[in-house]
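In order, the protein sequence lines correspond to chains A, B and C. Here my numbering is used: position 48 in the first sequence is 316, and no number is missing along the way. Here my numbering is used: position 90 in the second sequence is 91, and no number is missing along the way. Here my numbering is used: position 62 in the third sequence is 138, and no number is missing along the way. Heads up, the beta-carbon is just placed ideally off N, CA and C, and yes, glycines get one too.
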Amino acid sequence: MKFSIQVNEGPYQHQASDSAYQFTKAALEKGHECFRVFFYHDGVLNGTRLTTPPQDDRNIVNNWVELAEKYDLDLVVCVAAAQRRGIVDDGEAERNGKDATNIAPRFRISGLGQLVEAAIQSDRLVVFGD
Amino acid sequence: MSDAKNFMFLNRRAPYGTIYAWESLEVVLIAAAFEQNVSLMFIDDGVYQLTKGQDTTGIGMKNFSPTYRTLGDYEVRHMYVDKASLEARGLTADDLVEVEWEDWETEETVDNIVEVVDSDRVAELLEESDVVFSF
Amino acid sequence: MSDLHTVNKSPFEKNSLETCLRLSKAGSAILLYEDGVYGALKGTAVENMIASAVGDKKVYVLGPDFKARGLADDRIIDGVEVVDYAGFVDLVEANDKVQAWV
Chain A
269 MKFSIQVNEG
279 PYQHQASDSA
289 YQFTKAALEK
299 GHECFRVFFY
309 HDGVLNGTRL
319 TTPPQDDRNI
329 VNNWVELAEK
339 YDLDLVVCVA
349 AAQRRGIVDD
359 GEAERNGKDA
369 TNIAPRFRIS
379 GLGQLVEAAI
389 QSDRLVVFGD
Chain B
2 MSDAKNFMFL
12 NRRAPYGTIY
22 AWESLEVVLI
32 AAAFEQNVSL
42 MFIDDGVYQL
52 TKGQDTTGIG
62 MKNFSPTYRT
72 LGDYEVRHMY
82 VDKASLEARG
92 LTADDLVEVE
102 WEDWETEETV
112 DNIVEVVDSD
122 RVAELLEESD
132 VVFSF
Chain C
77 MSDLHTVNKS
87 PFEKNSLETC
97 LRLSKAGSAI
107 LLYEDGVYGA
117 LKGTAVENMI
127 ASAVGDKKVY
137 VLGPDFKARG
147 LADDRIIDGV
157 EVVDYAGFVD
167 LVEANDKVQA
177 WV
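Take a look at the structure:
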């Protein structure tokens, strides 16, 4: 099965990102193909490299980065939602005159068309939100 | 590319109190470019997204309700409203905006694509779709 | 032809479970996860909602979320089946698509 995931909430505030991660990991371990993980609404906040969660708890951003590294996942953060919430890569910093970037490795910022394409190309779209 | 899929956008939240209503509309507008069959479903507090006469000047937020009336230009052929949700909230179809639709090729026009449907029909429409987007 | 409906909020916080049950067709699969697992507990004010759904729908609860919340399996409503994340994946694959009631 080729699946895509939509994550609508940021790390820690809601369980959505954790559930999405656990689901994605389980599916990949079963040999399924993940076309894309698309982060929307506050979900874009999963794409910052600047979190410092407590040492005795899971590191949600790192979980996604490591999973992406292991399985070559496409982690996409929606550009419009990212602009509203301050998730910035080099391109966005230059275009919008920002003096810093904060995008985590393995994440990329792109348009909503990536979500639509994921829905078209995948057998299943699984949405995690609040 | 394979045949167009039937996309259903599930809207269950009121406008302005949270951003879900507006950001889900942004996906609908983009989906138009992909030539899929796009329908919207308004259930629970989602029905409030379509109320007429929204005026946000006092709260300092952008009034995005005019966008609903343009959806006919964005390949949206159906906007379904769950009857039970409407009635529970003391609303009728008269409280909702009307959205025109025209097929540019055939010039077929529909005065209003906003349609109130009962639970059984909502369940059917959801199940008939190929992809459901939730926000 | 059936869909998997997911419900992740407590029935005491939001009406997502109620709406999901009203708008899902007979033969659907329903998965309760995250705070939605509270809907699978016996003896609640909403037990009847799930107990009657079990008649014509397949209801599942995500075990890890249930256990995380300190609830023992013997308090799950009869007819509700416990699955883990691998089971969640199987449900997504076995059904035609997912309807997420957030």
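With C-beta atoms as the reference, is residue i less than 7 Å away from residue j?
i: ASP135 (chain B); j: VAL135 (chain C); result: A small correction: the amino acid at residue 135 (chain B) is Ser; Asp does not occupy that position in the sequence shown. No, the Cβ-Cβ distance between SER135 (chain B) and VAL135 (chain C) is not below 7 Å.
i: TYR21 (chain B); j: MET62 (chain B); result: no
i: ARG363 (chain A); j: ALA336 (chain A); result: no
i: GLN274 (chain A); j: PHE306 (chain A); result: yes
i: PRO87 (chain C); j: VAL130 (chain C); result: no
i: VAL39 (chain B); j: VAL82 (chain B); result: no
i: TYR308 (chain A); j: ALA348 (chain A); result: no
Using a C-beta to C-beta distance shorter than 7 Å, which residues of chain C count as neighbours of residue i?
i: LYS270 (chain A); result: Neighbours of LYS270 (chain A) on chain C: none; closest Cβ ~11 Å, over 7 Å.
i: LEU1 (chain B); result: Because chain B here runs from 2 to 136, residue 1 (chain B) falls outside it and cannot be looked at.
Whose Cβ in chain C lies nearer than 8 Å to the Cβ of residue i?
i: LEU393 (chain A); result: LYS173 and VAL174
i: HIS300 (chain A); result: VAL165 and GLU169
List the whole-angstrom C-beta distance separating residue i from residue j, where the pair is believed to meet the contact cut-off of C-beta under 8 Å.
i: PHE1 (chain B); j: LEU51 (chain B); result: Nothing can be reported for residue 1 (chain B), as the shown portion of chain B is limited to 2 through 136.
i: ASP111 (chain C); j: ASN84 (chain C); result: 6 Å
i: ASP45 (chain B); j: ARG13 (chain B); result: 4 Å
i: GLY278 (chain A); j: ASN314 (chain A); result: 6 Å
Run through chain B and tell me which residues come within less than 7 Å of residue i, C-beta to C-beta.
i: VAL178 (chain C); result: SER135
i: ASN91 (chain C); result: ASP45
i: ASP79 (chain C); result: GLU128
i: ALA349 (chain A); result: GLU24
So, does the CB of residue i fall closer than 7 Å to a CB anywhere in chain C?
i: GLY397 (chain A); result: yes
i: MET2 (chain B); result: Because MET2 (chain B) carries a pLDDT of 46, less than 50, the predicted location of this residue cannot be relied on, and no value is offered for it.
i: VAL123 (chain B); result: yes
i: ASP324 (chain A); result: no
Does the beta carbon of residue i come closer than 7 Å to any beta carbon on chain A?
i: GLU110 (chain C); result: yes
Residues of chain A with CB under 7 Å from residue i, in chain order?
i: TYR114 (chain C); result: Result: empty, since nearest Cβ-Cβ is about 13 Å, beyond 7 Å.
i: VAL132 (chain B); result: ALA387 and LEU393
If you measure from the beta carbon of residue i to each beta carbon in chain B, is any gap under 7 Å?
i: ASP132 (chain C); result: no
i: VAL305 (chain A); result: no
i: VAL384 (chain A); result: yes
i: THR120 (chain C); result: no
Considering only heavy atoms of the ligand NAP, does any lie closer than 6 Å to the CB of residue i?
i: ALA124 (chain B); result: For the ligand NAP, the structure offers nothing, since it holds no ligand at all.
Applying a beta-carbon distance threshold of less than 8 Å, which residues of chain B neighbour residue i?
i: GLY381 (chain A); result: ILE31, ALA34 and PHE35
(request) Select from the region 41-70 of chain B all residues with a C-beta closer than 8 Å to any C-beta belonging to chain C, and list them in chain order. (result) ILE44 and ASP45
(request) Compile a chain-ordered list of the residues in the region 16-35 of chain B whose CB is closer than 8 Å to at least one CB of chain A. (result) ILE20, TYR21, GLU24, GLU27, VAL28, ILE31, ALA32, ALA34 and PHE35
(message) Beta carbons nearer than 7 Å to chain C: which residues of the region 280-298 of chain A have them?
(response) Closer than 7 Å at the C-beta level to chain C, one finds these residues of the region 280-298 of chain A: GLN283, SER287, GLN290, PHE291, ALA294, ALA295 and LYS298.
(request) Report the residues of the region 146-176 of chain C with a CB closer than 7 Å to any CB of chain A, ordered along the chain. (result) TYR161, ALA162, PHE164, VAL165, VAL168, GLU169, LYS173, VAL174 and ALA176
(request) Check each residue of the region 360-378 of chain A: if its Cβ is closer than 7 Å to any Cβ of chain B, include it; give the result in chain order. (result) none
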